[in-house]
Structure formats: C-alpha cells, structure tokens
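Residue numbers (my numbering): 5 to 169.
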C-alpha cells in the first residue's frame, strides 16, 4: 500500500507500482470502440502508461496534452492514457482536445488498477486511480515507475523522458 496526498490529505492506494526490472502485469482495458486491448496488442513497442484519475480534471487533461505533444517524437513508443472514465467520455475528450497521438483506455471493466497497485482505496476518490507513470520496454519489462506524491500535481516529465533514453 502506498500513501499519496490530495489537497494535503493522505490517500491510500491498494498496493505498489510494479517493480522496475519485473515483467509488466498483463492488462485488459477498453478502447474507444469498447474492445478489449491487452499488453500483447503493443508487443515489440515501448509503452508509456500515463495513469490518471479522470480526464475530466485540469491536471489530467494537461498531462494528456503534454504526452500527446511528445508522443510524435518518440520512436517505437505508444502512449496510453489510462483512467476510470468511460470510453465514450475519453473519446469525446480526445476529439475536443485534438489528441491523436495518445490512446485513451478505460479501466471500467478491468482489474488494472489493482494489478498495477494504483487503485485509491479510501476518501471520496476511492475507486479512481492514483496519478502514476509506468514505462514498459519492447519485451514487456518495467523500466521506470513514478507515483506522483500529490494527486493534484503533474508527473515529473523530465524524469519520464530521461528514462526513455
């Protein structure tokens, strides 16, 4: 279990992020067409999992925009924006924002949040995901993780992109 904060109040997650060097847990997430997408769908590519509570918040929206800007310059890398939002809302958000270089995926019918240790277990935010980054290499090994300590803050982008070099 990890502790983060939201507006200076402690919030608990269900576990810990995957360990760097370990094989990434498989996942099944819903895409904009309500089809299940798994880790195997991205075989042979580097994967940045930008895990956010909801795209309907300013911080999550800013993070999705930032990764969309950077994604076009990342070779053999896919950026997955993962939230508990329904695929309909994710699709609408990406269309309105003009985000075409990231893929929004929903946890709404999966165990992803538990499997990756990011499900918030207490407070009014229980059931949403903590803000985190997990980078998985082409062979599905975890090469970088970042649990953002304050839910209202954006991730450390410099550290994320340095991990890809």
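We treat Cβ as the ideally placed atom computed from N, Cα and C, and that holds for glycine.
Just so we're clear, the structure is a prediction, and the values are computed from it rather than from any experiment.
Query: DSSP bridge partner residues for residue 154 (one or two, in chain order); Result: 9
Query: Distance CB(residue 170)-CB(residue 129) smaller than 8 Å; Result: The structure shown does not extend to residue 170, since the chain spans only 5 to 169, so no value can be given for it.
Query: Residue 35 versus residue 99: straight-line alpha-carbon distance, rounded; Result: 14 Å
Query: Reduced DSSP secondary structure (H/G/I, E/B, other) of residue 164; Result: helix
Query: Nearest candidate by alpha-carbon position, reference residue 111, set 102, 90, 61, 81; Result: 90
Query: Minimum C-alpha distance to residue 66 - residue among 97, 79, 80, 47; Result: 97
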